[in-house]
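Going down the list, the sequences are from chains A and B. Sequential numbering of the first sequence, starting at 1, is according to the numbering used here. Sequential numbering of the second sequence, starting at 554, is according to the numbering used here. Cβ coordinates follow ideal geometry from the N, Cα and C atoms, glycine included. All values derive from a computational prediction rather than experimental measurement.
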Amino acid sequence: MTPADTTRTRSVHGTRVRRPSGEPPPLPKELNRVAVFWLGAFVAWAIIWLWVFLSDAPAIWITERDLEMMRPIVDRRVDWLTSLTEQTNAHVLTGTTFIVGWVTILGGLATKRIRHVVLFFAALALSSGIVTGIAPEIGRPRPIGIERLGEWEGFAQPSRPLTLLTVAVVGAGQTLAPSGVIRRRWYVLAGVFIAWCSFAQVYLGVEHPTDGDAAVSVGVAVPLILFRLGAPERVFPVAYRTGKTAHLDVTGERGVAIVGALQDQLGLEVTGLEPVGLAGSAGSTPLRVHVADGPDVFAKLYARNHLRSDRSYKLVRTLMYGQLEDEHRFSSVRRLVQHEDHMLRVMRDGGIDTLAPMGVVEITPDREYLLVTEFLTGAVEISDVDVTDDLIDQGLRNVRALWDAGLAHRDIKPANVMVLDGRLRLIDAGFGEVRPSPWRQAVDLANMMLVLALRATPERVYERAATWFSEDEIAEAFAASRGVTLPSALRADVRRDGRRLLERFRALAPPHEPVAIQRWSFRRIALSLWVGLVVAFLALLFLGNLPAIGLWP
Amino acid sequence: MRSRSTLTLALVASAMLTVSACSVSETLDAPTCTTSSSTPLISVQSVPSAELIMCLDPLPAGWEAATVDIGHEGTFVTFDSDRAGRSAAKVRFEASCDIGDATQTPTEFDDVRRFEWILEVAPRFRAKRYYVFEGGCVTWEFDFDADAPAGMAVELGNTLRFFSRDDINAQFRDSFIEEDL
Numbered sequence: 001m002t003p004a005d006t007t008r009t010r011s012v013h014g015t016r017v018r019r020p021s022g023e024p025p026p027l028p029k030e031l032n033r034v035a036v037f038w039l040g041a042f043v044a045w046a047i048i049w050l051w052v053f054l055s056d057a058p059a060i061w062i063t064e065r066d067l068e069m070m071r072p073i074v075d076r077r078v079d080w081l082t083s084l085t086e087q088t089n090a091h092v093l094t095g096t097t098f099i100v101g102w103v104t105i106l107g108g109l110a111t112k113r114i115r116h117v118v119l120f121f122a123a124l125a126l127s128s129g130i131v132t133g134i135a136p137e138i139g140r141p142r143p144i145g146i147e148r149l150g151e152w153e154g155f156a157q158p159s160r161p162l163t164l165l166t167v168a169v170v171g172a173g174q175t176l177a178p179s180g181v182i183r184r185r186w187y188v189l190a191g192v193f194i195a196w197c198s199f200a201q202v203y204l205g206v207e208h209p210t211d212g213d214a215a216v217s218v219g220v221a222v223p224l225i226l227f228r229l230g231a232p233e234r235v236f237p238v239a240y241r242t243g244k245t246a247h248l249d250v251t252g253e254r255g256v257a258i259v260g261a262l263q264d265q266l267g268l269e270v271t272g273l274e275p276v277g278l279a280g281s282a283g284s285t286p287l288r289v290h291v292a293d294g295p296d297v298f299a300k301l302y303a304r305n306h307l308r309s310d311r312s313y314k315l316v317r318t319l320m321y322g323q324l325e326d327e328h329r330f331s332s333v334r335r336l337v338q339h340e341d342h343m344l345r346v347m348r349d350g351g352i353d354t355l356a357p358m359g360v361v362e363i364t365p366d367r368e369y370l371l372v373t374e375f376l377t378g379a380v381e382i383s384d385v386d387v388t389d390d391l392i393d394q395g396l397r398n399v400r401a402l403w404d405a406g407l408a409h410r411d412i413k414p415a416n417v418m419v420l421d422g423r424l425r426l427i428d429a430g431f432g433e434v435r436p437s438p439w440r441q442a443v444d445l446a447n448m449m450l451v452l453a454l455r456a457t458p459e460r461v462y463e464r465a466a467t468w469f470s471e472d473e474i475a476e477a478f479a480a481s482r483g484v485t486l487p488s489a490l491r492a493d494v495r496r497d498g499r500r501l502l503e504r505f506r507a508l509a510p511p512h513e514p515v516a517i518q519r520w521s522f523r524r525i526a527l528s529l530w531v532g533l534v535v536a537f538l539a540l541l542f543l544g545n546l547p548a549i550g551l552w553p
Numbered sequence: 554m555r556s557r558s559t560l561t562l563a564l565v566a567s568a569m570l571t572v573s574a575c576s577v578s579e580t581l582d583a584p585t586c587t588t589s590s591s592t593p594l595i596s597v598q599s600v601p602s603a604e605l606i607m608c609l610d611p612l613p614a615g616w617e618a619a620t621v622d623i624g625h626e627g628t629f630v631t632f633d634s635d636r637a638g639r640s641a642a643k644v645r646f647e648a649s650c651d652i653g654d655a656t657q658t659p660t661e662f663d664d665v666r667r668f669e670w671i672l673e674v675a676p677r678f679r680a681k682r683y684y685v686f687e688g689g690c691v692t693w694e695f696d697f698d699a700d701a702p703a704g705m706a707v708e709l710g711n712t713l714r715f716f717s718r719d720d721i722n723a724q725f726r727d728s729f730i731e732e733d734l
């Protein structure tokens, strides 16, 4: 073995393995072969365009070959086919772009795929920009020496209508069609249709064959690469199953990568994994991991979509309420998962009954990580058990411990308050905060009391709370609490409960002035103006681009 | 690093989006007689029946071509003027035209008939001028802002030139491919 080989040997220490420098991560980030092929085709055309720009020789050669291909076709024109191709040229081609474009935008919005819709629009605009920039530089006339029967506008290469049509159908596939058989069938159908439209343009003598080739290269490469980079299928899958879009598919290559990563990085021999508790989790993909020689473990998979959800959530909160609490966004998935792991450990050190952290596992560097903790086998949500005085005390004791440790949980809801063998556990420290505002601590107390009261009477919860907190503190908690301060799941549970729990707690507590939750600052005003300007700019850009991208007649 | 690349990406995307907002008509050059641009080639193709092909000399000071549309229906150019206003003049090169009540006037070009139709002189100058020839027609339309002198129409109209299809085909055959446009 040479010294070079030695550096690539996997370092095994106990049951854990260190990934040596140069070895790919469990789930490498990559463009797939199809995207690389179309990127290559696009680059090839870019080189040809540059060559044509510098010299007439390649333009003459390409035009001669084009005309050789076209002549046998145009020399055999027949009336019925001419009529059909004229209809295609005049109406079907642009009409399909218009219809597919709007169906994709509206369908994407209806299925809440805002990211896909933005990328779809960007792909159309970028492709249109490429054609607009390239065509006058190439300056290719329409086919020469051939009678032109159809409609056309401007220079021939790359074909603008075929570029926009191709972008529209490829973007539609990426936005609306689930990956797999359905998307493949859509692309086959779209390919046949594009080929027909390209043939119609050639048959009518309005474009050369290579004008269509170049258009298809641009029209496939641009959306494919934009979607691969901006909404990779692994992270933003197109699926119509019920459930939250935050949840990632953990089968296939990601599943294999997770199993391998848990083995290498934590020394866990995984025999299976399954999504668990999806209904209560919107910010990650929670998994139950079966281990060969030990108890099951719990893993939360975080990816870029979760990071972006966190950013959007914080931006909206800042716009709606100002800097109520720490609304600074995480700059990477790694930092997001590091934060939760750290909060779990700080809470545990502070005496809060939470999950025992087992570490962080890297799936794709800076993109996907697993936070691994113990799994509470047999635990149930607090809303599924009879809430005894002991459980009430445990819940309140945990809030007291949070206060004493200078922490806030910030996401107390039934799904995060679990009970196992009579012991209450406060899980999910992702929103946790060190040294929160007094307002935030008060809200934690109110939310815990509401959770407990869902399966007990407010009077009983209040009575027990009075032994852990002063009446003024309880009054402050409910003065600070209102609909928007409740996690949405808890808000829904309280509404469904129908006992007007918030009002009943307020009636039990001493009177207290409501605690304002609107915070006005220069930053909030500036941010609101900035967001308004960006939205207005994008709206104007969108409307201004509609004719150029074929979405306005 | 990440925010810088995001900013760069946003700037590039904005630039591309802005470019894409330009329609075809905003990116073509006017078919000028002296340019090396390819625009005259597709202008020739836009009216395949025409024996004569129009082109434009450099525009007088204060005028600029605002939009240029060239396609299967013909060649259409609109002009903005710093004195006569936006879209103060238009020129259309088509296979045929309806000269309406226009009156024939002496012409400066061989094999071309010229017609004039003055619609209004003051306060706004509005007029149409037609050049009719074998297989084609060029129409000028002037619609000036109030107080813009009518003489501006003469200045702009004088930029029009014609060359024969045979000449341009011969030139094209010499420099490119043995085919007619």
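Taking the C-beta atoms as reference points, threonine 166 of chain A is found no nearer than 8 Å to glycine 108 of chain A. Around serine 481 of chain A, the same chain offers Val443 and Ala446 as residues with beta carbons nearer than 6 Å, after the five sequence neighbours per side are excluded. In this structure, glutamine 657 of chain B sits near phenylalanine 668 of chain B, with a CB-CB distance shorter than 8 Å. Considering only beta carbons, the part of the stretch 43-69 of chain A lying closer than 9 Å to chain B consists of Asp56, Ala59, Ile60, Thr63, Glu64 and Leu67, in chain order.
Pairing aspartate 213 of chain A with proline 24 of chain A, the inter-Cα distance amounts to about 36 Å. The C-beta distance from leucine 391 of chain A to leucine 424 of chain A rounds to 5 Å, short enough to fall under 8 Å. Chain A has a Cβ within less than 8 Å of the Cβ of aspartate 733 of chain B.
Taking 9 Å as the cut-off between beta carbons, the residues of the stretch 160-191 of chain A near chain B are Arg160, in sequence order. In this structure, proline 611 of chain B lies away from glutamate 708 of chain B, with their beta-carbon atoms at least 8 Å apart. Isoleucine 623 of chain B sits close to threonine 592 of chain B, with the two beta carbons spaced by under 8 Å. Taking 8 Å as the threshold, the shortest C-beta distance from phenylalanine 632 of chain B to chain A does not fall below it.
For glutamate 153 of chain A, the C-beta contacts it makes with chain B under 8 Å involve Val577, Asp622, Ile623, Gly624 and His625, in order along the chain. Interface with chain A (8 Å Cβ-Cβ cutoff): leucine 594 of chain B is included. Nearest neighbour of proline 286 of chain A by Cα position, chosen from A/Arg113, A/Ile427 and A/Phe227, turns out to be A/Ile427. Put simply, the backbone Cα of valine 665 of chain B is about 37 Å away from that of aspartate 66 of chain A.
Within the DSSP bridge table, the entry for lysine 681 of chain B names B/Trp670 and B/Glu694 as partners. According to the DSSP secondary-structure assignment, proline 275 of chain A is paired through a beta bridge with A/Leu287. Under DSSP, serine 634 of chain B shares a beta bridge with B/Trp616 and B/Gly638. Within the stretch 606-618 of chain B, contact with chain A at the beta-carbon level (separation under 7 Å) is assigned to no residue.
Beta-bridge annotation (DSSP): leucine 371 of chain A is paired with A/Lys300 and A/Val360. For arginine 228 of chain A, the number of other beta carbons within 10 angstroms of its own is at least 16, and it is reported as buried. In the assembly as shown, proline 161 of chain A is a buried residue. Its beta-carbon has 16 or more other beta-carbons within 10 Å. For isoleucine 194 of chain A, no beta strand (DSSP E) run applies; the uninterrupted alpha helix (DSSP H) run containing it begins and ends at 181-203, by DSSP.
Non-local beta-carbon contacts of valine 291 of chain A in its own chain, meaning distances under 8 Å to residues more than five positions away in sequence, involve Leu268, Glu269, Val270, Thr271 and Val297 in chain order. The beta carbons of alanine 641 of chain B and serine 634 of chain B sit about 5 Å from each other, so the pair counts as a contact at 8 Å. For valine 417 of chain A, the enclosing beta strand (DSSP E) stretches over residues 417-420. A straight-line Cα-Cα distance of about 36 Å links leucine 164 of chain A and lysine 314 of chain A.
For isoleucine 721 of chain B, no CB of chain A lies under 8 Å from its own CB, so it is not counted at the interface with that chain. Judged by beta-carbon spacing, arginine 19 of chain A lies within the 8 Å limit of aspartate 264 of chain A, meaning their Cβ atoms are closer than that value.
Taking 8 Å as the threshold, the shortest C-beta distance from isoleucine 144 of chain A to chain B falls below it. For the pair isoleucine 258 of chain A and leucine 81 of chain A, the Cα-to-Cα distance works out to about 56 Å. Separation of the CB atoms of valine 434 of chain A and glycine 406 of chain A is rounded to 6 Å, and the pair is thereby assigned contact status at 8 Å. In the displayed model, serine 649 of chain B falls within coil according to three-state DSSP, outside both helix and strand. Chain A places no beta carbon closer than 8 Å to that of leucine 672 of chain B, leaving this residue out of the contacts. In the DSSP assignment, isoleucine 606 of chain B falls within the beta strand (DSSP E) that extends over 605-609.
Linking glutamate 137 of chain A to phenylalanine 53 of chain A through their CA atoms gives a straight-line distance of about 7 Å.
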